[in-house]
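These protein sequence lines are chains F and W, in that order.
By the working numbering, the letter at position 150 of the first sequence is numbered 150, and the numbering carries on one by one without gaps.
By the working numbering, the letter at position 97 of the second sequence is numbered 97, and the numbering carries on one by one without gaps.
Using N, Cα and C, we set each Cβ at its ideal position, and we do this for glycine too.
Here is the structure we will look at.
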Amino acid sequence: MTIFHFFNCAILTFGPHAVYYSATPLSEYDTIGTSIKAAVVYLVTSLVKLVCLATFLKVSESESFDPYQELLKALIGFIDVAGLYFALTQLTHRNISQNHKFQAVGLGKCWAFADAVLHRLAPLWVGARGLEFTWEYVLQGLEANANLVLSISLAALGSLMWLRKNKPQTLIPIIYLFAGFVATMPSITSYLRLSLGWHFPEIVAFKLFASLGTAFISWQLFSACQRPSN
Amino acid sequence: MAKPHTVASVLTGPLYSSILTVLIIVMACVELCDAVTVVDVYRLVQYDLGGVPFGSRLAALNHHAGSSSFFSSSSAAADLSRTVLILPVRELNLTFITEYIEQKKPLGGLLLLLPPVFSPQNIDTGGGADHESAEDLVKEVLGELEQFLIHANIPYPVYFGFEDEHVNTLLADVKKNDAAGQPATATTGGYKLVVAAPEPKKIASPTITNIQGWLPGLKGDGDSSQLPTIAVVASYDTFGAAPALSMGSDSNGSGVVALLEIARLFSVLYSNPKTRGRYNLLFALTSGGPYNYNGTHKWLRSLDQRLRETIDYAICLNSIASSSDELWIHVSKPPDNAYIKQIFEGFSSVSEELGLKVGLKHKKINISSPRVAWEHEQFSRLRVTAATLSELSDAPDLLESTGGLSNNRHFIDETLISRSVKLVAESLARHIYGQEGKNIDIFADDSSLSVNPSYIRTWSEFLSTTPRVAPFLSKNDPFIMALKKELADHTAEVNVQQEILDGMFTFYDSTSGKLHIYQVASVTFDLLLLLVLGSYLIVLFSFLVITTRGLDDLISLFRRPTSRKAKTA
Numbered sequence: 001m002t003i004f005h006f007f008n009c010a011i012l013t014f015g016p017h018a019v020y021y022s023a024t025p026l027s028e029y030d031t032i033g034t035s036i037k038a039a040v041v042y043l044v045t046s047l048v049k050l051v052c053l054a055t056f057l058k059v060s061e062s063e064s065f066d067p068y069q070e071l072l073k074a075l076i077g078f079i080d081v082a083g084l085y086f087a088l089t090q091l092t093h094r095n096i097s098q099n100h101k102f103q104a105v106g107l108g109k110c111w112a113f114a115d116a117v118l119h120r121l122a123p124l125w126v127g128a129r130g131l132e133f134t135w136e137y138v139l140q141g142l143e144a145n146a147n148l149v150l151s152i153s154l155a156a157l158g159s160l161m162w163l164r165k166n167k168p169q170t171l172i173p174i175i176y177l178f179a180g181f182v183a184t185m186p187s188i189t190s191y192l193r194l195s196l197g198w199h200f201p202e203i204v205a206f207k208l209f210a211s212l213g214t215a216f217i218s219w220q221l222f223s224a225c226q227r228p229s230n
Numbered sequence: 001m002a003k004p005h006t007v008a009s010v011l012t013g014p015l016y017s018s019i020l021t022v023l024i025i026v027m028a029c030v031e032l033c034d035a036v037t038v039v040d041v042y043r044l045v046q047y048d049l050g051g052v053p054f055g056s057r058l059a060a061l062n063h064h065a066g067s068s069s070f071f072s073s074s075s076a077a078a079d080l081s082r083t084v085l086i087l088p089v090r091e092l093n094l095t096f097i098t099e100y101i102e103q104k105k106p107l108g109g110l111l112l113l114l115p116p117v118f119s120p121q122n123i124d125t126g127g128g129a130d131h132e133s134a135e136d137l138v139k140e141v142l143g144e145l146e147q148f149l150i151h152a153n154i155p156y157p158v159y160f161g162f163e164d165e166h167v168n169t170l171l172a173d174v175k176k177n178d179a180a181g182q183p184a185t186a187t188t189g190g191y192k193l194v195v196a197a198p199e200p201k202k203i204a205s206p207t208i209t210n211i212q213g214w215l216p217g218l219k220g221d222g223d224s225s226q227l228p229t230i231a232v233v234a235s236y237d238t239f240g241a242a243p244a245l246s247m248g249s250d251s252n253g254s255g256v257v258a259l260l261e262i263a264r265l266f267s268v269l270y271s272n273p274k275t276r277g278r279y280n281l282l283f284a285l286t287s288g289g290p291y292n293y294n295g296t297h298k299w300l301r302s303l304d305q306r307l308r309e310t311i312d313y314a315i316c317l318n319s320i321a322s323s324s325d326e327l328w329i330h331v332s333k334p335p336d337n338a339y340i341k342q343i344f345e346g347f348s349s350v351s352e353e354l355g356l357k358v359g360l361k362h363k364k365i366n367i368s369s370p371r372v373a374w375e376h377e378q379f380s381r382l383r384v385t386a387a388t389l390s391e392l393s394d395a396p397d398l399l400e401s402t403g404g405l406s407n408n409r410h411f412i413d414e415t416l417i418s419r420s421v422k423l424v425a426e427s428l429a430r431h432i433y434g435q436e437g438k439n440i441d442i443f444a445d446d447s448s449l450s451v452n453p454s455y456i457r458t459w460s461e462f463l464s465t466t467p468r469v470a471p472f473l474s475k476n477d478p479f480i481m482a483l484k485k486e487l488a489d490h491t492a493e494v495n496v497q498q499e500i501l502d503g504m505f506t507f508y509d510s511t512s513g514k515l516h517i518y519q520v521a522s523v524t525f526d527l528l529l530l531l532v533l534g535s536y537l538i539v540l541f542s543f544l545v546i547t548t549r550g551l552d553d554l555i556s557l558f559r560r561p562t563s564r565k566a567k568t569a
């Protein structure tokens with residue numbers, strides 16, 4: 001019965017990735033190589049982030065929200081963005097220019113998949129197999145879903161920012177604003193948890209709504225940028 | 001374009017699979033220990049007597065928790081073979097449980113909860129007379145329950161635990177669920193109790209250890225071995241329903257403490273040659289008490305026959321700390337025997353001075369029966385005069401009054417032990433120094449020879465926290481070493497004799513374990529979750545197909561087989 005629970009949580013966490021892969025026209029392109037490269041870039045980015053965190057961050061004794069520490073964490077979070085930029089500009093095939101959005105989506109999906117595997121698989125295996133029942137792993141799966149949508153939105157916005165040459169001028173600040181919002185999402189969640197005292201389910205709910213919101217808005221932005229080029 | 005891909009795949013193939021196997025092995029080795037609560041529990045004893053099995057025959061437990069309110073809500077024919085009943089001893093209905101076990105109704109397991117006063121961690125001073133009547137009632141119920149469980153053959157695991165806050169909340173929860181008419185099974189969720197224990201194995205060659213201390217008397221013109229000897233004997237091991245909890249504060253912890261204090265007093269007297277008596281003193285701490293005093297039997301047979309013949313008489317101590325009314329001297333020779341009369345008169349005169357009543361009880365020994373109810377009977381079978389001093393008025397049956405669960409420190413009174421020590425020491429000393437009938441107080445209070453109450457209290461505490469069931473005490477157990485050292489401090493020569501317990505009793509190990517309590521969700525919940533997730537993924541899939549490729553594509557995914565059929569037709 002507990003393997004059953006593990007199986008449930010696993011398909012909640014990893015199922016959407018498979019669904020995204022098969023539902024969108026990603027599978028029509030040969031993106032396995034790109035996917036693996038994206039995962040490697042994510043790994044390298046994570047390592048760099050960890051090293052920076054270990055070097056610059058001091059362990060705080062109190063549970064309160066320390067703006068200076070959080071700012072430092074946010075800055076380090078931008079390394080994430082830099083990694084994504086690197087992946088987008090260096091790895092995508094240059095010849096399939098009109099389907100950049102799918103490249104971006106594919107990249108974001110691989111990014112989120114690597115993130116989910118590295119961060120969630122081990123705790124899920126160890127924890128969800130036990131006899132004791134908690135809601136924790138179901139909530140973590142929902143959070144993984146939210147992260148997936150957020151990563152895809154970030155990748156899409158990133159591709160808008162760096163790969164498109166012709167963008168309507170009015171939309172540029174909005175694009176940057178949302179990209180910044182998505183990139184600083186970890187800082188926002190830790191702020192909510194520490195200073196407002198939100199519990200895990202509430203944070204997951206917030207993340208889900210935020211991810212749906214950003215997905216919708218980035219989709220709108222994308223189609224808005226798409227129109228002039230068509 | 002094709003080449004780099006194949007090269008890459010060739011390289012990643014074996015590397016990938018080896019990494020995967022390593023990962024799987026690492027993950028499989030992770031232990032699951034994430035229970036909400038872990039509680040120490042102690043198993044009911046499992047033994048064979050002459051081949052007939054007794055006690056709880058299983059150790060591993062893995063079933064759902066149930067409570068006694070089960071029976072009030074549903075009919076008695078409810079299937080409990082996959083349930084562990086949690087019963088607090090405080091509210092136990094003894095007739096119900098004895099009937100249940102006698103009729104051999106199936107049960108997944110039994111967890112009996114003892115009040116915290118019986119816990120070995122809960123050591124307070126020997127309460128004396130100020131224990132409440134409620135606790136006395138629990139003690140009686142526990143005693144009866146223990147006797148019943150020891151002589152029953154139970155095919156499922158029975159564990160004893162203590163009431164603490166976790167277990168109490170668990171029990172309250174389980175009772176609430178049961179009263180609502182929903183017993184915990186695999187489909188409705190609830191609590192699961194797991195004790196991971198291996199199959200209990202027989203203990204091969206259980207050892208019993210006898211410790212004797214020799215205090216020689218004053219050699220006159222002859223050899224000291226021709227001096228007469230007086231022996232003081234007490235058996236130190238116990239037997240109870242839960243071997244890991246059988247501390248036996250009264251039976252026979254009090255006897256051991258008294259023996260050690262008497263040894264100390266006489267060692268003080270004998271250390272100075274001017275006060276050394278013309279009797280040798282032999283102190284013996286024997287094992288195998290509950291098993292027809294097997295250890296005493298073996299010890300006596302190992303003694304040199306000449307030494308045995310010099311024994312004037314032996315005093316055996318057994319349970320002297322609970323009753324303040326009367327002590328009994330049990331003998332097997334008829335009361336009008338000269339020696340017995342002398343001993344009894346000696347004791348009586350001292351007891352009158354102490355304000356204690358001592359009575360004489362005679363019980364004939366039956367040579368053909370293997371049952372040995374008192375320790376002095378082993379001496380009598382070898383024609384050595386002996387008597388047992390005890391608060392028990394009747395001879396206990398086999399495995400009765402052997403220091404089980406109900407024999408707890410809370411119910412003994414250390415002043416009674418002091419009084420009995422004074423009684424025995426004074427009687428012996430008057431006999432040794434020839435001062436019978438004279439008005440003399442050798443071990444007077446406030447003298448250097450007074451009975452030391454803190455010594456008694458320390459040893460009483462030590463014995464009350466040490467379970468002493470003989471088959472589970474190894475040869476070099478620290479407890480036995482401690483007794484040996486203490487006796488060596490008070491006597492001139494200490495001998496340790498180790499024997500194998502006679503074959504009539506066979507014991508099994510696994511006396512304690514850790515109980516993990518898990519809160520589990522039912523299978524229906526998991527199935528429901530699977531259904532929800534499945535529909536979520538299907539919805540997500542169709543949503544994405546519609547938004548990226550259009551609705552026609554989605555419909556065409558499902559229409560493909562039929563369109564092919566149409567084409568071929």
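### Query
Would you say ASN95 (chain F) faces chain W, with C-beta separation under 8 Å as the test?
Because ASN95 (chain F) sits at a pLDDT of 41, beneath the cut-off of 50, its placement in the model cannot be relied upon, and the following sentence gives the value as read from the coordinates. Answer no: the Cβ-Cβ gap between ASN95 (chain F) and chain W never drops below 8 Å.
### ALA10 (chain F) versus ALA521 (chain W): straight-line alpha-carbon distance, rounded
If you take the alpha carbons of ALA10 (chain F) and ALA521 (chain W), they lie about 17 Å apart.
### Message
So, under 8 Å CB-CB, GLY108 (chain W) and SER406 (chain W) are touching, yes? Tell me the CB distance rounded to an integer number of Å.
### Response
The C-beta distance from GLY108 (chain W) to SER406 (chain W) rounds to 26 Å, too long to fall under 8 Å, and the pair is not in contact.
### Message
Tell me the rounded alpha-carbon separation between TYR20 (chain F) and ALA114 (chain F).
### Response
Approximately 14 Å between the Cα atoms of the pair.
### Message
Can you pull the chain C neighbours of ALA60 (chain W), defined as C-beta to C-beta under 9 Å?
### Response
Here chain C cannot be found, since the structure's protein chains are F and W.
### Query
Taking DSSP as the reference, what is the three-state secondary structure of THR415 (chain W)?
In the three-state reduction of the DSSP assignment, THR415 (chain W) falls in the helix class, which pools H, G and I.
### Task
Tell me whether ALA242 (chain W) sits in a helix, a strand or coil according to DSSP, three-state version.
Of the three classes helix, strand and coil, the one that applies to ALA242 (chain W) here is coil, per DSSP.
#### Entry: Endpoints, alpha helix (DSSP H) assigned at GLY346 (chain W)
That run of the alpha helix (DSSP H) goes 338-354.
### Message
Checking 8 Å against the spacing of the C-beta atoms, do HIS376 (chain W) and SER427 (chain W) come in under that value?
### Response
In this structure, SER427 (chain W) does not lie closer than 8 Å to HIS376 (chain W) by Cβ.
### Message
Between the alpha carbons of TRP328 (chain W) and ILE417 (chain W), how many angstroms are there, rounded?
### Response
One C-alpha to the other measures close to 14 Å.
### Message
Need the endpoints of the beta strand (DSSP E) that PHE160 (chain W) sits in, please.
### Response
If you look at PHE160 (chain W), you'll find it in the beta strand (DSSP E) that goes 158-162.
### Message
I'd like to know if ILE530 (chain W) contacts chain F, where contact means its C-beta is closer than 8 Å to some C-beta of that chain.
### Response
The question names Ile, yet the displayed sequence has Leu at residue 530 (chain W). Yes, LEU530 (chain W) counts as interfacial toward chain F.
### Task
Count the other C-beta atoms from every protein chain shown that fall within 10 angstroms of the C-beta of TYR279 (chain W), then say buried if there are 16 or more, exposed otherwise.
Taking all protein chains in view, the Cβ of TYR279 (chain W) is crowded by 16 or more other Cβ atoms within 10 Å, so the residue is classified as buried.
### Short CB-CB distance (under 8 Å) between GLY15 (chain F) and chain W
Interface residue, yes.
### Query
According to the Cβ coordinates, are ILE79 (chain F) and LYS49 (chain F) closer than 8 Å?
ILE79 (chain F) is a Cβ neighbour of LYS49 (chain F), given a cutoff of 8 Å.
### Task
Along the alpha helix (DSSP H) that carries GLN435 (chain W), what are the first and last residues, could you check?
That residue, GLN435 (chain W), is in no alpha helix (DSSP H); it is neither H nor E in DSSP.
### Task
State yes or no: is the C-beta of ALA314 (chain W) within less than 8 Å of the C-beta of PHE379 (chain W)?
Their beta carbons are under 8 Å apart, which means ALA314 (chain W) touches PHE379 (chain W) by this criterion.
### Message
Does ASN62 (chain W) come out as helix, strand or coil in the three-state DSSP assignment?
### Response
DSSP places ASN62 (chain W) in strand when its eight states are reduced to three.
### Message
Would GLY217 (chain W) and THR491 (chain W) be called neighbours here (beta carbons separated by less than 8 Å)?
### Response
Cβ distance not < 8 Å, so GLY217 (chain W) and THR491 (chain W) don't count as in contact.
### Task
Compute the Euclidean distance between the alpha carbons of ASN495 (chain W) and ILE211 (chain W), then round it to the nearest angstrom.
So the two alpha carbons sit approximately 6 Å from each other.
### Buried or exposed by the 16-neighbour rule on C-beta atoms within 10 Å, applied to TYR176 (chain F)
Around the beta carbon of TYR176 (chain F), fewer than 16 other beta carbons sit within 10 angstroms, so the residue counts as exposed.
### Message
DSSP three-state label for TRP135 (chain F), please.
### Response
The answer is coil: DSSP assigns TRP135 (chain F) none of H, G, I, E or B.
### Query
What separation, rounded to the nearest whole angstrom, lies between the Cα atoms of LEU589 (chain W) and ARG57 (chain W)?
Here chain W covers residues 1 to 569 and nothing more, so residue 589 (chain W) does not appear.
### Query
Should ALA179 (chain F) and ASN147 (chain F) be called a contact, given that it needs their Cβ atoms to be closer than 8 Å?
For the 8 Å CB-CB criterion, ALA179 (chain F) and ASN147 (chain F) do not form a contact.
#### Entry: Residue-chain proximity (TYR47 (chain W), chain F), Cβ-Cβ < 8 Å
So, not an interface residue.
### Task
Using a Cβ-Cβ cut-off of 8 Å, state whether TYR518 (chain W) counts as contacting chain F.
The beta-carbon of TYR518 (chain W) is placed less than 8 Å from the nearest beta-carbon of chain F.
### Collapsed DSSP secondary structure at ALA207 (chain F) in the structure displayed
Position check: residue 207 (chain F) holds Lys in this sequence, whereas Ala was assumed. Collapsing the DSSP output to three states places LYS207 (chain F) in a helix.
### Query
Whose CA, out of W:GLN498, W:VAL523, W:HIS410, W:LEU531, lies closest to the CA of GLU624 (chain W)?
Outside the shown range of chain W, which is 1 to 569, sits residue 624 (chain W), and nothing can be said about it.
### Query
Do we get a CB-CB distance below 8 Å when we pair VAL44 (chain F) with the residues of chain W?
So no, VAL44 (chain F) is outside the interface.
### Message
Does chain W have any CB closer than 8 Å to the CB of SER11 (chain F)?
### Response
As written in the sequence, residue 11 (chain F) is Ile, which differs from the Ser given in the question. Judged by the 8 Å Cβ criterion, ILE11 (chain F) is in contact with chain W.
### Task
List the residues of chain W whose Cβ lies closer than 8 Å to the Cβ of ASN8 (chain F), in chain order.
Here the neighbours are ASP526, LEU529, LEU530, LEU533.
#### Entry: Cβ pair LEU392 (chain W), SER319 (chain W) closer than 8 Å
Contact annotation: LEU392 (chain W) and SER319 (chain W) have beta-carbon atoms nearer than 8 Å.
### Task
Quick one: which residues of the region 196-221 of chain F get their C-beta closer than 9 Å to a C-beta of chain W? List them in chain order.
Within the region 196-221 of chain F, the residues whose Cβ lies closer than 9 Å to some Cβ of chain W are TRP219, listed in chain order.
### Message
Just checking: is the beta-carbon of ASP34 (chain W) within a distance shorter than 8 Å of some beta-carbon in chain F?
### Response
Here the model assigns ASP34 (chain W) a pLDDT of 48, short of 50, so the residue's position is not dependable and the matter cannot be decided.
#### Entry: Sequence-distant residues of its chain with Cβ nearer than 6 Å to GLY289 (chain W) (five each side left out)
For GLY289 (chain W), where only same-chain residues beyond five positions count, the Cβ hits under 6 Å are SER235, ASP237.
### C-alpha gap between GLY240 (chain W) and TRP135 (chain F), whole angstroms
In a straight line, the C-alpha of GLY240 (chain W) is about 44 Å away from that of TRP135 (chain F).
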